[in-house]
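**Q** Below is a structure I'd like to ask you about.
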Amino acid sequence: MMVSTMPALPMKGKGALRRRNMNCGGGRGGVSRIGRKGEGGNLGAPTTHASCEGARCQTVRKTRVLNGIPGHGRRPWARRASPKSESTGAGENSELQLTASIALPSAASLLLCNICRICMSIAVLKAAVEFGWSDTVSGLIQSAFLWGYTATQLVGGIAADKYGGKMVMAVSVAWFSIATALTPLAASLGQIPLMAMRGIVGLGEGVALPAMNNLIGSKVPAGKRATALGTSFSGFHSGNILGLLASPFLISTWGWRSLFYVYGALGIPVLLTWLCVVPDGGTSTGLENRKTIPISRILSQRSAWVIFLANFVNHWGYFIYLSWLPTYFNRQFSLNLASSSIFSLLPWAVMAVCSPMSGVLADWLVKNGTSVKSVRKILQCTSFVGTAAALLTITSPLGSRLGVAAPLFMLALGLKALGQAGFVANMSDIAPQSAGKLFGLSNTLGSFGGVLSVTTAGIILERTGSFSLVFQITAFMYITAALLWLWLCDDKPIQASS
-8 MMVSTMPALP MKGKGALRRR NMNCGGGRGG VSRIGRKGEG GNLGAPTTHA SCEGARCQTV
52 RKTRVLNGIP GHGRRPWARR ASPKSESTGA GENSELQLTA SIALPSAASL LLCNICRICM
112 SIAVLKAAVE FGWSDTVSGL IQSAFLWGYT ATQLVGGIAA DKYGGKMVMA VSVAWFSIAT
172 ALTPLAASLG QIPLMAMRGI VGLGEGVALP AMNNLIGSKV PAGKRATALG TSFSGFHSGN
232 ILGLLASPFL ISTWGWRSLF YVYGALGIPV LLTWLCVVPD GGTSTGLENR KTIPISRILS
292 QRSAWVIFLA NFVNHWGYFI YLSWLPTYFN RQFSLNLASS SIFSLLPWAV MAVCSPMSGV
352 LADWLVKNGT SVKSVRKILQ CTSFVGTAAA LLTITSPLGS RLGVAAPLFM LALGLKALGQ
412 AGFVANMSDI APQSAGKLFG LSNTLGSFGG VLSVTTAGII LERTGSFSLV FQITAFMYIT
472 AALLWLWLCD DKPIQASS
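In structure tokens, the structure reads:
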């Protein structure tokens, strides 16, 4: 307590302090309570007035000076940062560092994953001429990747939940890089060995996305997950851009076989980066003691099945764009290989930019009061319906011009990126402790959509000579999926047991 020995100071005019506790309520040594919380200085501390005789306290002005009343000391609103706010800032920085240490290496690994996937869609234009493949055969060779890719989705998810996403992703990068480098050898042996090798590449890549989803679902805080997913998928889509950009140069310089040698060798630095940067050990989200969800339980939930449906439709369209866009621009507008690749990469560039933006947008909406369920519905429905509208316009007479079709594909894939903050993020909403398993199961069923779409597109193209029917079927599927998603989407976590 502070003891005042100064003489009483008169108080005049309107500046006199009108408070009940100006009367100390006692004799000599009475205690004043005016130094209350919020008025600065010794917040809440009583002040003893040595000269007070029970009359009205006349030393208030001095007390105000000592306690920092405005105009005489520290401003009451200029508060020091509390330990709680400092710890909150430190926690925020820690969360950002953790998110970056997972999302950025995931983006690099998925970038290489997609380069090794898309290179066949460029190489096939030259390889088909060399080996005399029809459109149907070309479609079958490209879809062979998806058979392997489908086979390891669930296995990868279960393994990631059990052994950790870091280990599973490391195995994935090593596997598909080696298989990619061996692809030219397989091609020289015939169609069947080539299809088998592309299937082996798919086996390795099939566990990559479940591993990534496990890491984000188990380690990244809930408020950062959509951002982390957006960043990771930005790298994933950037692989399409770099593959389409670099492949024509490599082919013109060293031939189509060089694609597989160069991209396979890139696995070495990517793998080393992954092992050095991604954190080991436990989780940051408190899920380590929660029981994992059995597959049978997941399959009994309609919220899981609408994710499977959305993923099936997403894969249907995605692999058409991935496998057939270079061919579309080559045949529809009589472009050469380099020009076809450039126009094919532009939509992927837009998608790569929109992917992290969709995650930031989703987290911002949630932070500002929009429910998670509403955010997932709004973004996914916008993605499906907007992409469908763009495809239908492309198949109309208006879309027969290159200057119209190219921007519409850019719009379509930009809107498609919103799905990363829709059905993909929804997996971590309903099953955070089993995100790898759910993602693997979802991608297993979804990948069948890719297998069917790539093969079907080849058959339709060979029989009709046009992509119009392919895009119209895809648009119809998008609209149907949007309506079902709006009805069935939920964010309620699935319980491990009923």
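In the working numbering, the protein residues as written are -8 to 489.
For every residue, glycine included, the Cβ atom is placed at its ideal position computed from N, Cα and C.
So is Trp493 buried or exposed if we call it buried at 16+ other beta carbons inside 10 Å?
**A** In the structure as shown, the chain begins at -8 and stops at 489. Residue 493 is therefore absent and cannot be evaluated.
**Q** To the nearest angstrom, how far is the alpha carbon of Val268 from that of Tyr312?
**A** So the two alpha carbons sit approximately 32 Å from each other.
**Q** I need the straight-line Cα distance from Ser488 to Leu383, nearest angstrom please.
**A** Ser488 and Leu383: Cα-Cα distance of roughly 44 Å.
**Q** Taking the alpha helix (DSSP H) that Trp138 belongs to, which residues open and close that run?
**A** 126 to 142 is the span of the alpha helix (DSSP H), which, as asked, contains Trp138.
**Q** Assuming the contact rule is C-beta atoms closer than 8 Å, Thr386 and Gly255 should be a hit. Round their C-beta distance to whole Å, please.
**A** Actually they are not in contact, since the Cβ atoms of Thr386 and Gly255 sit about 38 Å apart, beyond 8 Å.
**Q** Which of helix, strand or coil does DSSP assign to Gly270?
**A** Residue identity check: residue 270 is Pro in the sequence provided, not Gly. Pro270 falls in the coil class under three-state DSSP.
**Q** Closer than 6 Å by C-beta to Asn231: which residues in its own chain qualify, once you throw out the five before and the five after it? Chain order, please.
**A** Same-chain partners within the cutoff: Asn105, Ile109, Trp339.
**Q** Count the other C-beta atoms from every protein chain shown that fall within 10 angstroms of the C-beta of Val120, then say buried if there are 16 or more, exposed otherwise.
**A** Val120 comes out exposed.
**Q** Can you give the Cα-Cα distance for Ala99 and Val159, rounded to whole angstroms?
**A** When rounded, the distance between both Cα atoms is 15 Å.
**Q** Alpha helix (DSSP H) containing Lys215: first to last residue?
**A** No alpha helix (DSSP H) holds Lys215; DSSP gives it neither H nor E.
**Q** Please name the residue in Ser457, Val415, Arg454 whose C-alpha comes closest to that of Ile207.
**A** Ranking the options by Cα distance to Ile207, first place goes to Val415.
**Q** Are the CB atoms of Phe458 and Tyr319 within a distance shorter than 8 Å?
**A** Contact: yes.
**Q** Just curious, the alpha helix (DSSP H) that Ser488 is in, first and last residue?
**A** Taken as a continuous stretch (DSSP letters only), Ser488 belongs to no alpha helix (DSSP H), as it is neither H nor E.
**Q** Going by DSSP, what residue range makes up the alpha helix (DSSP H) through Val415?
**A** Per DSSP, Val415 belongs to the alpha helix (DSSP H) from 414 to 421.
**Q** Of all the options Arg454, Thr455, Gln463, Leu436, which has the alpha carbon lying nearest to the alpha carbon of Gly197?
**A** The shortest C-alpha separation from Gly197 is found at Leu436.
**Q** Exposed or buried, which one is Pro260 when buried takes at least 16 other CB atoms within 10 Å?
**A** Classification for Pro260: exposed.
**Q** Tell me the rounded alpha-carbon separation between Gly507 and Tyr309.
**A** The structure shown does not extend to residue 507, since the chain is modelled only from -8 through 489, so no value can be given for it.
**Q** Exposed or buried, what is Thr222 when buried is set at 16 or more other beta-carbons lying within 10 Å of its beta-carbon?
**A** Buried, since its Cβ has 16 or more Cβ neighbours within 10 Å.
**Q** Could you pull the start and end residues of the alpha helix (DSSP H) that Ala408 belongs to?
**A** Ala408 -> no alpha helix (DSSP H), and no H or E assigned at all.
**Q** If the criterion is Cβ atoms closer than 8 Å, does the pair Ile132 and Leu235 meet it?
**A** Going by C-beta atoms, Ile132 is not nearer than 8 Å to Leu235.
**Q** Are the beta-carbon atoms belonging to Asn434 and Ile298 less than 8 Å from one another?
**A** Cβ atoms of Asn434 and Ile298: not closer than 8 Å.
**Q** Using a Cβ-Cβ cutoff of less than 6 Å, which residues in the same chain neighbour Trp315 once the five nearest sequence positions on both sides are dropped?
**A** Result list for Trp315: Ala448, in chain order.
**Q** Are there 16 or more other CB atoms within 10 angstroms of the CB of Ile289, so buried, or fewer, so exposed?
**A** Buried: at least 16 other Cβ atoms inside 10 Å.
**Q** Taking the alpha carbon of Ala343 as the point to measure from, which residue in Gln411, Leu389, Phe122, Ile169 has its own alpha carbon closest?
**A** The candidate whose alpha carbon is nearest that of Ala343 is Gln411.
**Q** Note down the Cα distance separating Trp476 from Ala422, rounded to an integer number of angstroms.
**A** The alpha-carbon atoms of Trp476 and Ala422 are separated by roughly 18 Å.
**Q** Compare the Cα-Cα distances from Leu185 to each of Gly214, Ala135, Leu200, Ala295 and report the closest residue.
**A** Minimum Cα distance to Leu185 is reached at Ala135.
**Q** Pairs of beta-carbons, one from the region 458 to 474 and one from the region 366 to 380, closer than 8 Å: are there three or more?
**A** Flag = yes, the region 458 to 474 and the region 366 to 380 touch.
**Q** Using beta-carbon positions only, say whether Val395 and Asp482 come within less than 8 Å of one another.
**A** Cβ distance not < 8 Å, so Val395 and Asp482 don't count as in contact.
**Q** Tell me whether Arg293 sits in a helix, a strand or coil according to DSSP, three-state version.
**A** Note: Arg293 maps to helix in three-state DSSP.
**Q** Is the Cβ-Cβ distance between Leu300 and Ala472 less than 8 Å?
**A** Contact flag set, yes.
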